[in-house]
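For the sequence shown, position 147 (counting from the first letter as 1) is numbered 157 according to our numbering, and the numbering increases by one without interruption. Reading through the structure tokens given below for one structure.
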Amino acid sequence: MASAPQQPQLPLFFNDLMPLNSRDHKNYRSRMIDSAPWLSKAHAIPLTVDEFVQAQRDFPIVFSSGENPLPLALMGLNEGVNTFVDESGKVTEQVYLPAYIRRYPFMLAKLQKDATDLSLMFDPTSEALGEFADGERLFDDEGNTTDATKRVLEFCEHFEQAAQRTQAFLAEIKEAGLLMDGEVAIQRQDTENPFVYRGFQMVDQEKLREVSADMLEAWNKNGLLMLIHAHIYSLELMRVIFARQMQQGSAPQPTSQANLPN
11 MASAPQQPQL PLFFNDLMPL NSRDHKNYRS RMIDSAPWLS KAHAIPLTVD EFVQAQRDFP
71 IVFSSGENPL PLALMGLNEG VNTFVDESGK VTEQVYLPAY IRRYPFMLAK LQKDATDLSL
131 MFDPTSEALG EFADGERLFD DEGNTTDATK RVLEFCEHFE QAAQRTQAFL AEIKEAGLLM
191 DGEVAIQRQD TENPFVYRGF QMVDQEKLRE VSADMLEAWN KNGLLMLIHA HIYSLELMRV
251 IFARQMQQGS APQPTSQANL PN
């Protein structure tokens, strides 16, 4: 018996994807929601290089393992633990929220695998969109996109451009051989074994020191060196996130393997 075709994996947070169009969604509105339950269990959030400087003040920035690494902001050190969001999905502190979070429930994607253009898609299961009495309309009476939809489209376009810059950054540091398997050990006074966090990649500082002066100068001019340093400095926050988990009663196990999105 032939096996059923494998369904494409949906991006983080998305339960479904549907193209936005004036025929089917003419009466749709977008509204603000005061909680995001889908965020409460997300510990690693995709990040673009445009956000490194802001994000490194609040979160450790690491890279997922594998051949196609992805920058991630760690809001917790274990799968299912977000130290900045409560169980109801409310953000508990004033911290930087990555654009990946702010973009949801929208994204740009190809309607067909071989398509060249990207279309504005949305998650139809989101409580932020629907035929509501309140909120901002997505289309006017003539079926034209409203300013609200144009702002969403512009945000998503900027996100895609930032994603391309992120891929260029990753290609550069991979070519230079700077990425290594990461490991962070945190010793607690009340346990014999340290907490060891693995399963991610980080910049190898030894190899960074071996980079030629000419390349470092070029990286300094194009901003790549600043991004590397933002990543390195942010790793000190691993201990802060660990302490937050301890305080919130979600202490990591003495040895932990990171389960990060690929």
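Just so you know, even glycine gets a beta-carbon here, dropped at the ideal spot from N, CA and C.
- Where does Ile55 fall in DSSP's three states? In the structure shown, Ile55 sits in a strand (DSSP, three-state: E or B).
- Query: With C-beta atoms as the reference, is Leu130 less than 9 Å away from Tyr38?
  - Reply: Not a contact, by the Cβ cut-off of 9 Å.
- Going by DSSP, what residues sit across from Gln66 in a beta bridge? Here Gln66 is not bridged, per DSSP, to any residue.
- Message: Please report the distance separating the alpha-carbon of Ile71 from that of Leu82.
- Response: Computed Cα separation, rounded: 6 Å.
- Kindly indicate which three-state DSSP category Ile71 falls into: helix, strand or coil? Ile71 falls in the strand class under three-state DSSP.
- Query: Can Phe69 and Val105 be called in contact, C-beta distance under 9 Å?
  - Reply: yes
- Message: For the beta strand (DSSP E) containing Arg208, name the first residue and the last one.
- Response: Phe205 to Arg208
- Tell whether a beta-carbon distance below 9 Å holds between His53 and Glu89. It is a contact, given that the beta carbons lie within the stated cut-off.
- Query: If you count every other CB in all the chains shown that lies within 10 Å of the CB of Asp133, and 16 or more means buried, which is it?
  - Reply: buried
- Query: Short check: CB of Gly233 to CB of Met212, under 9 Å?
  - Reply: Result no, Cβ atoms of Gly233 and Met212 do not sit closer than 9 Å.
- Taking DSSP as the reference, what is the three-state secondary structure of Ile242? helix
- Item | The alpha helix (DSSP H) enclosing Ile111, as first and last residue numbers | Ala109 to Arg113
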